[in-house]
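Residue numbers (the working numbering), protein chains in the order written: chain A, 550 to 917; chain B, 550 to 917.
Here a beta-carbon is modelled for each residue, glycine too, at the ideal position from N, C-alpha and C.
Nothing here was measured: the structure is a model prediction, and the numbers come from that model.
See structure below.
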């Protein structure tokens with residue numbers, strides 16, 4: 550049995566009991582609210598966890614990439630929604646290959662993509678399941694709600710395509726606004742989507758799926774009558790952002806980065822062996838609305854701040870008489886676990902009964 | 550022969566002719582200034598490039614991690630300096646295993662580490678080559694110059710250790726100061742190191758190596774009489790930071806991220822299929838002293854700004870009548886190429902004569 554003290558650092562250590570709790574809690578929430586749960590696997594990128602999510606009640610999974618869907622299909626996942634506009638002919642070809650093996654649906658939000666999808670689907674003799682992406686405020690991909698009907702009708706008229714849903718990711722909470730109201734954000738996301746779906750349905754379009762994000766907002770959006778599906782991702786591990794948003798408790802954070810102190814240059818400074826190649830830097834400290842202090846929460850040392858990083862160095866500022874020495878380890882909950890896991894080839898899973906095992910982050914680096 | 554138009558995006562495409570030019574230019578600079586060149590391979594993490602650097606005159610390579618050194622040793626590199634304080638007993642054991650195979654030296658900056666190094670070296674019957682890390686202003690790892698002599702004498706007195714050099718990475722240019730003077734930074738780095746080396750040498754310590762960073766400052770630090778070695782890394786590819794620092798020309802940037810436009814939500818906005826899992830976010834826009842506009846330089850569209858990213862989306866703002874459409878590709882020079890390459894499992898190498906080939910980023914994800 551591997552001992553945790555024998556792990557080489559830096560590494561990610563994941564508590565399997567917390568993962569099971571998080572998977573079960575979201576599944577139960579979805580059941581109670583009568584919505585389908587289709588977790589986004591971007592957070593873990595590990596087939597074993599995707600299979601656990603499905604076995605606990607998820608109808609399938611969500612991916613952002615065709616390549617991620619291929620990895621998951623190869624490992625037994627049979628129902629995948631690629632929540633992304635697939636536009637390149639080469640990628641559409643791969644989607645069609647997947648559609649012959651498993652139940653797959655993809656995002657669409659332009660006629661340019663829809664026409665190529667239609668052409669290839671017709672040629673291959675398959676019907677592609679599509680969901681129209683609606684922009685509910687993030688200003689990312691997606692059609693504006695008031696333009697959804699026109700685009701949906703044009704797409705639905707093309708052969709080889711079955712436009713049967715709409716989806717969005719609002720994520721207003723990530724936009725750097727100065728206020729943060731998850732409930733209001735989730736309810737607004739749900740409301741816009743249900744109104745949009747009704748306009749399409751009233752025009753005769755067969756919109757069955759009204760699908761919304763995200764770990765912090767899903768439990769509110771799901772309460773809007775007419776929402777059929779939620780696609781949270783981060784909830785499986787949770788992270789510091791979600792604790793600060795009060796979307797989870799710190800005890801529900803399953804994944805921590807384990808680092809070793811390599812230098813104590815002065816009593817108020819420590820340097821650890823994890824930097825920006827170990828911890829993601831996409832969620833920066835001191836930014837509104839979260840105003841996170843540093844790049845992670847250092848377990849047991851609430852006053853210590855991981856305030857600065859180079860590629861392989863993490864600089865911690867602490868005012869306390871911490872007594873920490875070179876060679877000791879620290880466990881840190883990163884600001885954003887999804888992009889942090891993405892930096893690691895494997896993670897360590899701890900389990901009180903079975904000790905530690907390694908899981909490969911099989912779908913990481915699958916950028917295309 | 551693979552055509553560039555057939556590459557799935559997002560991906561990194563590297564122009565081999567520019568790489569060769571960059572390798573040759575730095576090697577020639579080192580020769581002319583009478584310093585040894587020991588490139589840091591953190592930028593590329595690819596053995597083939599490390600071997601090219603050595604064949605063009607580098608005395609060996611630099612790594613940050615034991616694991617990177619192991620990968621490079623496995624692929625024929627025989628002289629490696631791990632420019633990092635190695636403190637964990639398990640890692641020291643691996644260093645000793647390497648020391649039995651190749652010429653290896655490592656960083657040291659604490660007695661805690663030195664004592665364990667000495668203990669294991671003595672037990673294994675090897676002599677470990679060490680270099681003392683000196684902090685020349687970055688406030689990262691390293692001993693303060695005025696404390697270097699005392700620590701060096703204590704370390705040198707331990708059995709099994711050969712303390713034969715000092716090293717630093719100043720990187721003052723990365724510290725967010727409001728001014729940027731590479732020449733002054735490099736000269737100061739060199740001057741502090743030479744003065745420190747002389748103090749140690751005058752006390753009878755055998756300090757042969759006086760080793761300094763970095764791609765933007767090495768050509769200045771190397772001109773200080775007494776500096777013996779430079780360890781630039783980024784110069785092999787260059788990046789947008791270095792162009793803005795005027796440390797290279799944009800034509801000397803060898804590595805670009807190729808992305809596909811997946812959405813044109815409005816005439817002044819584009820969304821591409823590369824976000825924070827494709828482009829590193831450790832060098833943020835609008836920060837002093839560089840004040841970079843966005844996360845990369847979009848080739849051919851100087852007015853366009855990659856202003857915002859989610860994990861798999863890059864949001865570009867443009868005021869020009871760009872005429873770009875869904876499905877077209879863009880090439881982007883990232884702000885920081887080292888941490889960007891680190892996100893990719895492989896890169897594509899282009900060469901006018903031989904077309905395109907793939908190289909695995911073999912030492913990426915080797916965090917321990």
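At a Cβ threshold of 8 Å, is residue 825/B touching chain A?
yes
Report yes if the C-beta distance between residue 861/B and residue 613/A is below 8 Å; otherwise report no.
yes
With the cut-off set at 8 Å, would you say residue 855/B and residue 848/B are in Cβ contact?
Their beta carbons are not under 8 Å apart, which means residue 855/B does not touch residue 848/B by this criterion.
Given a cut-off of 8 Å, decide if residue 804/B and residue 890/B are closer than it, judged by their beta-carbon atoms.
For residue 890/B and residue 804/B, yes; Cβs fall inside 8 Å.
Pick helix, strand or coil for residue 675/B, following the three-state DSSP scheme.
Correct three-state label for residue 675/B: coil.
Using a Cβ-Cβ cut-off of 7 Å (strictly less than) and excluding sequence neighbours within five positions of residue 811/B, which residues of its own chain qualify?
820, 821, 822 and 875
Scan the segment 597–668 of chain A and note each continuous alpha helix (DSSP H) run of 4 residues or more that stays entirely inside, going in chain order.
615–623 and 638–648
Suppose contacts are defined by Cβ-Cβ distances below 8 Å. Is residue 676/A in contact with residue 738/A by that definition?
Cβ atoms of residue 676/A and residue 738/A: not closer than 8 Å.
How would you call residue 708/A, buried or exposed, if buried means at least 16 neighbouring beta carbons within 10 angstroms?
exposed
My guess is that residue 756/A and residue 750/A are in contact by the Cβ rule of under 8 Å, so how many angstroms apart are they, rounded?
5 Å
Near residue 828/B, what residues of its chain come up, given a Cβ to Cβ distance below 8 Å and the 5 sequence neighbours on each side ignored?
Counting only Cβ-Cβ distances below 8 Å, and skipping sequence neighbours, we find 806, 844, 845, 855, 858, 863, 881, 883, 884, 889 and 892.
Since residue 859/A meets chain B, which of its residues come closer than 7 Å, beta carbon to beta carbon?
689
In chain order, what residues of the same chain have a beta carbon less than 6 Å from the beta carbon of residue 825/A, not counting five sequence neighbours either side?
858 and 860
Starting from residue 560/A, trace the beta strand (DSSP E) in both directions and tell me its first and last residue.
560–564
Please name the residue, chosen from 871/B, 774/B and 655/B, that lies closest to residue 850/B on a Cα-to-Cα basis.
871/B
Quick check on residue 864/B - is its C-beta less than 8 Å from some C-beta in chain A?
yes
In angstroms with no decimal places, state the Cα-to-Cα distance between residue 908/A and residue 619/B.
Cα-Cα distance, rounded: 22 Å.
Here's the rule I'm using: 16 or more other beta-carbon atoms within 10 Å means buried, otherwise exposed. How should residue 795/B be labelled?
exposed
Please say whether residue 717/A and residue 592/A have beta carbons closer to each other than 8 Å?
no
Evaluate contact between the segment 626–638 of chain B and the segment 653–670 of chain B, counting only Cβ atoms and requiring at least three cross-stretch pairs below 8 Å.
Touching, yes.
From what residue to what residue does the alpha helix (DSSP H) around residue 742/B run?
Note, residue 742/B: alpha helix (DSSP H), 731–751.
If you draw a straight line from the alpha carbon of residue 901/B to that of residue 570/B, how long is it in whole angstroms?
14 Å
Taking only beta-carbon atoms, is residue 588/B less than 8 Å away from chain D?
The displayed structure is made up of protein chains A and B, and chain D is not among them.
Since residue 876/A meets chain B, which of its residues come closer than 7 Å, beta carbon to beta carbon?
Within 7 Å Cβ-Cβ: 636, 637 and 661.
Mind checking whether residue 899/A and residue 553/A have CB atoms under 8 Å apart?
yes
Considering only the beta carbon of each residue, do residue 563/A and residue 897/A sit closer than 8 Å?
Going by C-beta atoms, residue 563/A is nearer than 8 Å to residue 897/A.
Tell me where the beta strand (DSSP E) around residue 897/B begins and ends.
Residue 897/B -> beta strand (DSSP E) spans 895–900.
Taking buried to mean at least 16 other C-beta atoms within 10 Å of its own C-beta, is residue 752/A buried or exposed?
Looking at its Cβ environment, which holds fewer than 16 other Cβ atoms inside 10 Å, residue 752/A is exposed.
Residue 771/B lies in the beta strand (DSSP E); which residues open and close that run?
Counting along the chain, residue 771/B falls outside any beta strand (DSSP E), and DSSP gives it neither H nor E.
For residue 906/B, I'd like the list of residues in its chain whose CB is within less than 7 Å of its CB, leaving aside the five on either flank, ordered along the chain.
Sequence-distant partners of residue 906/B (beyond 5 residues in either direction) whose C-beta falls short of 7 Å from its own C-beta, in its chain, are 898.
In this structure, does DSSP put residue 716/B in helix, strand or coil?
strand
Could you tell me which residues DSSP pairs with residue 880/A in its beta bridges?
807/A
At a Cβ threshold of 8 Å, is residue 849/B touching chain A?
no
May I ask you to list, following chain order, the residues of the segment 892–909 of chain B that have a beta carbon less than 7 Å from some beta carbon of chain A?
893 and 894
Let me know the secondary structure DSSP gives residue 838/B once reduced to three states.
In the structure shown, residue 838/B sits in coil (DSSP, three-state: anything other than H, G, I, E or B).
Closer than 9 Å by beta-carbon distance: list the chain B residues that pair up with residue 683/A, in chain order.
Result: empty, since nearest Cβ-Cβ is about 11 Å, beyond 9 Å.
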